[in-house]
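Down below is the structure, laid out as structure tokens.
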Amino acid sequence: MALIHGYTIYPSARKHEVVAEKELSKEIPTDAYQWLQFDLNDPETTSTIRSLEGLDELFVEALLKEATRPRMSISNDDMLIILRGVNLAEGADPEDMVAVRLLISKNRIISCQRRGIWSVNDVAEQIELGQAPKTVGHFLVFLCERLIFRMGDVMEDIEEASAEIEEQVLDNEEHDYRIEIHNLRRQIIQLKRFLIPQRDALLKIQLEKTSWISSKQQLRFREITDQLLRYIEMLDAARDMGTVSQETLYNRQNEQMNKRMYVLSIVAAFFLPLGFFTGLLGVNLAGIPIAENPLAFSWFILLLLVILGFQFWLFKRNKWL
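The opening residue of the sequence shown carries number 60 in our numbering; numbering runs sequentially from there.
Take a look at the structure:
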């Protein structure tokens, strides 16, 4: 079915009526507002939404787009707002954020989804319990609050993971944490890709004027935006801690490499003069001193040991060892 949820809500009477697909053309009562939630995976959804009267064509096109990013636009007191919520489905990655598309007028809310999201289900549960939002503006506030609230645990997990990686990098020099740091930074990048424009969309709600959003509700949007800003700051802090951990790993690897290169250089320096003498005396030319003496080889070894000892003393004196 194209229609997932359909409700006509009577705030003053504190009741609601379920709307069936065949009743979508009915006029909305003056003392009520309507919420219609559609499934974009159903091929009939596009034609069903286009058949509804009074919708801005440009907004409908934006609502039905294949790919979306958070945004907010207002035209003739109608609002198009696209938000994202973390994916809390079992086995899913939270950073694979789910889009919530809304086309809102004074007495009607049209929302669409390709994947289910808990925040929208929270609204449906409130309506079924007889605690529906009193106005369209209250509906939008409640939905945004649930979207931001659902992000809390994910953001705290990321912050804790970054702090734990930083601590482990300092304490455990044996393990290479580059994969963990890479996964953490990738997760942060994917979240911020949508949270930054979502912050801008929520800020724009506070500035734009509509007849169905009260000043009190705009103050609540300010609190919602502040909470989202706090989450973005948490992501920035986690990213910075990941950068520090990565730099610590690189510095440690460079230090280890420098130590190995230093040892190899010292070994090469010790054997350089020895190699020179052995090469010089190995040319097999006449006139090599004491070549005929049976103790010549022993004297030569002793000479090399003396040179080696002198090098060791010289390196120690200059603090190269």
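Built from N, CA and C at the ideal position, the CB exists for glycine as well.
Less than 8 angstroms between the CB atoms is what I'm expecting for Gln246 and Glu149, so what's the real figure, rounded? Here residue 246 corresponds to residue number 187 of the sequence shown, with the count starting at 1. Here residue 149 corresponds to residue number 90 of the sequence shown, with the count starting at 1. Not really, about 18 angstroms apart at Cβ, beyond 8 angstroms.
Ile160 and Pro256 closer than 8 angstroms at C-beta: Here residue 160 is taken as the residue at index 101 of the sequence shown, counted from 1. Here residue 256 is taken as the residue at index 197 of the sequence shown, counted from 1. Checking the sequence shown, residue 160 turns out to be Arg, not Ile. Contact flag unset, no.
Quick check: Ile238 and His75, are their CB atoms within less than 8 angstroms of each other? If you number the sequence shown from 1, residue 238 lands on position 179. If you number the sequence shown from 1, residue 75 lands on position 16. No, they are not a contact pair.
According to DSSP, Gly144 sits in a beta bridge with which residue or residues? To locate residue 144, count along the sequence shown from 1; it is residue 85. Under DSSP, Gly144 forms a beta bridge with Val157.
Give me whichever residues DSSP pairs with Asp98 in a beta bridge. By 1-based counting over the sequence shown, the position of residue 98 is 39. DSSP lists Gln172 as partners of Asp98.
Can Gln96 and Ile140 be called in contact, C-beta distance under 8 angstroms? By 1-based counting over the sequence shown, the position of residue 96 is 37. By 1-based counting over the sequence shown, the position of residue 140 is 81. No, they are not a contact pair.
Based on the DSSP output, what are the partners of Thr67 in its beta bridges? Along the sequence shown, read from residue 1 onward, the residue named residue 67 stands at position 8. For Thr67, which the question treats as bridged, DSSP gives the partners Glu76 and Gln93.
Taking the alpha-carbon positions, what's the Leu278 to Asp285 distance? Stepping through the sequence shown from its first residue, residue 278 is reached at position 219. Stepping through the sequence shown from its first residue, residue 285 is reached at position 226. Looking at the two C-alpha atoms, the distance is approximately 11 angstroms.
Quick one: give me the first and last residue of the beta strand (DSSP E) that Ile133 is part of. As a working mapping, residue 133 is identified with position 74 in the sequence shown. Its beta strand (DSSP E) spans residues Arg130 to Ser134.
Secondary structure at Ile87, three-state DSSP: helix, strand or coil? Taking the sequence shown and counting its residues from 1, one reaches residue 87 at position 28. Looking at Ile87 - three-state DSSP - the assignment turns out to be coil, as it is neither helix nor strand.
Within a Cβ cutoff of 8 angstroms, which residues of the same chain sit near Ala79, ignoring the five residues on either side of it in sequence? What you label residue 79 is simply residue 20 of the sequence shown in a count that begins at 1. Excluding sequence neighbours, Ala79 sits near Leu62 and Gly65.
Name the two residues that bound the continuous alpha helix (DSSP H) containing Glu368. Taking the sequence shown and counting its residues from 1, one reaches residue 368 at position 309. According to the sequence displayed, residue 368 carries Gly and not Glu. Unbroken alpha helix (DSSP H) run through Gly368: Ala355 to Arg376.
Can you name, in chain order, every residue of its own chain whose Cβ lies under 6 angstroms from the Cβ of Leu361, other than the five neighbours on each side? As a working note, residue 361 is residue 302 in the sequence shown. Counting only Cβ-Cβ distances below 6 angstroms, and skipping sequence neighbours, we find nothing.
Tell me which residues share the same chain as Asp235 and place their Cβ nearer than 8 angstroms to its Cβ, disregarding the 5 neighbours each side in the sequence. The residue labelled residue 235 in the question sits at position 176 within the sequence shown. If we look at Asp235 and ignore the five residues flanking it on each side, its Cβ neighbours are Leu308.
Consult DSSP for Ile272 and reduce its assignment to one of helix, strand or coil. Walking along the sequence shown from the start, residue 272 turns up at place 213. Note: Ile272 maps to coil in three-state DSSP.
Inter-residue Cα distance where the pair is Leu114 and Asp212: As a working note, residue 114 is residue 55 in the sequence shown. As a working note, residue 212 is residue 153 in the sequence shown. Rounded to whole angstroms, Leu114 to Asp212 spans 37 angstroms at the Cα level.
Hey, Ile33 and Leu323: beta-carbon distance below 8 angstroms or not? With the chain running from 60 to 380 in the structure shown, residue 33 is simply not present.
Proximity winner among Ser178, Gly196 and Thr104, relative to Met138 (alpha-carbon distances): Looking up residue 138 in the sequence shown gives position 79. Here the closest residue by C-alpha is Gly196.
With DSSP run on the structure shown, which of helix, strand or coil describes Asp181? In the sequence shown, counting from the first residue as 1, residue 181 sits at position 122. DSSP places Asp181 within a helical segment (H, G or I) once states are collapsed to three.
Cut-off 8 angstroms between Cβ atoms - residues of its own chain near Ala260, not counting five sequence neighbours on either side: Walking along the sequence shown from the start, residue 260 turns up at place 201. Excluding positions up to five away in sequence, the list reads Pro129, Arg130, Met131, Ile140, Ile141 and Leu142.
On the CB-based measure, 16 or more other CB atoms within 10 Å of its CB, does Met316 come out buried or exposed? Taking the first residue of the sequence shown as position 1, residue 316 is located at position 257. Counting Cβ neighbours within 10 Å, Met316 comes out exposed, since fewer than 16 surround it.
Can you give the Cα-Cα distance for Ser170 and Leu188, rounded to whole angstroms? In the sequence shown, counting from the first residue as 1, residue 170 sits at position 111. In the sequence shown, counting from the first residue as 1, residue 188 sits at position 129. Cα to Cα, Ser170 sits roughly 20 angstroms from Leu188.
What number of angstroms, rounded off, separates the C-alpha of Trp94 from the C-alpha of Phe280? Counting from one through the sequence shown, the residue named residue 94 turns up at place 35. Counting from one through the sequence shown, the residue named residue 280 turns up at place 221. Approximately 20 angstroms between the Cα atoms of the pair.
Considering only DSSP beta bridges, list what Ile163 is partnered with. Reading the sequence shown from its first residue, position 104 is the one you call residue 163. Partner(s): Met138 and Ile168.
By the three-class DSSP mapping on this structure, what secondary structure does Leu111 have? As a working note, residue 111 is residue 52 in the sequence shown. Reduced to three states, the DSSP call for Leu111 is coil.
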